[in-house]
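Student: Okay, handing you the structure first.
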Amino acid sequence: MDQHDWCLVVNPKAANGASGRRWSALEPRLRAAGCRFEASVTPTPRDVEEVVAGALTRGCRRFLAAGGDGTLNQLAQALLTQTPDRLAGLAIGALPLGSGNDWAAWHGMAIESAPRDLARSTLTPIDVGRVEFQGGMPPRYFLNVAGAGLDGWLLARMEGKPHGHWRYLGEAVRGLFRFAPARFRLKTPDESIEESGLTTVVALGPRCGGGMRLAPGQRQQGDPMECLLVRPIKLPVNLGVLGYLHNGCLARSQYARTLRCHSLSIETDRPVPVQVDGEPVGHTPCRITLLPGALQGLMPAEKD
123 MDQHDWCLVV
133 NPKAANGASG
143 RRWSALEPRL
153 RAAGCRFEAS
163 VTPTPRDVEE
173 VVAGALTRGC
183 RRFLAAGGDG
193 TLNQLAQALL
203 TQTPDRLAGL
213 AIGALPLGSG
223 NDWAAWHGMA
233 IESAPRDLAR
243 STLTPIDVGR
253 VEFQGGMPPR
263 YFLNVAGAGL
273 DGWLLARMEG
283 KPHGHWRYLG
293 EAVRGLFRFA
303 PARFRLKTPD
313 ESIEESGLTT
323 VVALGPRCGG
333 GMRLAPGQRQ
343 QGDPMECLLV
353 RPIKLPVNLG
363 VLGYLHNGCL
373 ARSQYARTLR
383 CHSLSIETDR
393 PVPVQVDGEP
403 VGHTPCRITL
413 LPGALQGLMP
423 AEKD
């Protein structure tokens with residue numbers, strides 16, 4: 123396998139099983155465009171780890187997730203746990219076949235242009251976030267967003283069930299009635315705050331939950347992470363507050379407090395669930411750190 127070939131991990135279960143059908147339609151288009159790749163079906167995280175390890179041994183340096191944000195996160199996790207000598211120069215990208223595809227949408231990746239994008243392979247450094255836990259748990263990584271509190275709680279409830287934007291939004295609204303706010307203690311190198319809240323979101327990109335926009339979304343590569351403490355919302359919820367979840371205005375409202383930092387420690391008065399890129403991974407306390415330019419990312423090719 124040449125170092126310029128792409129190793130594709132295909133998750134046929136993404137988008138409630140639709141990704142498998144989408145991949146069957148996309149694969150011949152990629153080959154017709156002259157894209158060089160080797161595809162493997164990887165329905166579980168363990169399968170992804172095994173495919174990545176084998177591809178690295180054969181000299182591959184470019185990896186592509188054909189699925190949704192969860193598939194991309196599994197791939198990133200497998201790459202970022204490699205030793206430093208193997209990690210240098212690794213590239214990652216996404217073919218958005220899932221139900222959310224927030225990272226791909228952030229960077230303008232689309233199925234329609236995938237053959238051209240993959241054939242030209244335009245790469246640029248991308249930032250990564252690392253979440254560290256206590257008790258000897260291995261670190262977890264994210265490319266888009268991490269959160270502690272309500273979002274981690276509802277994603278744990280949704281694990282193994284069909285996902286999608288409206289399902290996520292519906293669970294979030296129900297969570298306002300069922301999830302008790304926690305006392306958050308947030309510490310950065312420059313400041314420390316303690317306040318009651320529903321969740322703390324740490325964002326590299328502007329989107330989550332299949333199109334929701336909680337963070338301001340003004341961050342560029344290399345900038346500090348956008349951190350958002352969402353305060354308790356009194357019930358019943360008016361429709362204006364729900365609109366904040368989609369237009370990026372939540373950060374400027376009375377319901378949120380924002381921070382910008384390269385590292386953040388999160389402590390709570392009780393353990394609350396933590397998620398990375400829509401995947402439940404652990405509980406607070408935790409520490410989140412920005413890793414600037416840790417990977418190369420596949421970006422859309424310029425139009426002719």
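At position 284 of the sequence shown (counting the first as 1) the number is 406 in this note's numbering, and the numbers step up by one without a gap.
Beta carbons: idealized from backbone N, C-alpha and C, even for Gly.
1) May I ask which residues mark the beginning and end of the alpha helix (DSSP H) holding E149?
2) So what's R158 in DSSP terms, helix, strand or just coil?
3) Using the three-state DSSP reduction, which class does F299 fall into: helix, strand or coil?
4) Can you round the beta-carbon distance between L197 and A187 to whole angstroms, since I take them to be within the 8 Å contact cut?
5) For A227, write down the residues that DSSP places opposite it in a beta bridge.
6) Does the beta-carbon of V131 have 16 or more other beta-carbons within 10 angstroms, so that it is buried, or is it exposed?
7) Take E316 and list the residues in its own chain whose beta-carbon comes closer than 8 Å to its own, dropping the five residues that flank it on each side.
8) First and last residue of the beta strand (DSSP E) that includes E254?
9) Whole angstroms is fine: what's the gap from G331's alpha carbon to V352's?
10) At 3 residues or longer, what runs of the beta strand (DSSP E) sit wholly inside the segment 352-412?
11) For R305, name the three-state secondary structure that DSSP assigns.
12) On the CB-based measure, 16 or more other CB atoms within 10 Å of its CB, does E348 come out buried or exposed?
13) From V250 to G415, what does the alpha carbon distance come to, in whole angstroms?
14) Per DSSP, L350 forms a beta bridge with which residues?
15) Take R279 and list the residues in its own chain whose beta-carbon comes closer than 7 Å to its own, dropping the five residues that flank it on each side.
16) Count the other CB atoms, across all protein chains shown, that sit within 10 Å of the CB of P237; report buried if there are 16 or more and exposed otherwise.
Tutor: A quick look at the data gives this:
1) A140 to A154
2) coil
3) helix
4) 4 Å
5) Bridge partners of A227: none, in fact.
6) buried
7) R305, F306, R307 and L308
8) T244 to F255
9) 16 Å
10) 378-383, 385-390, 395-398 and 401-405
11) strand
12) buried
13) 7 Å
14) V323 and T380
15) E293
16) buried
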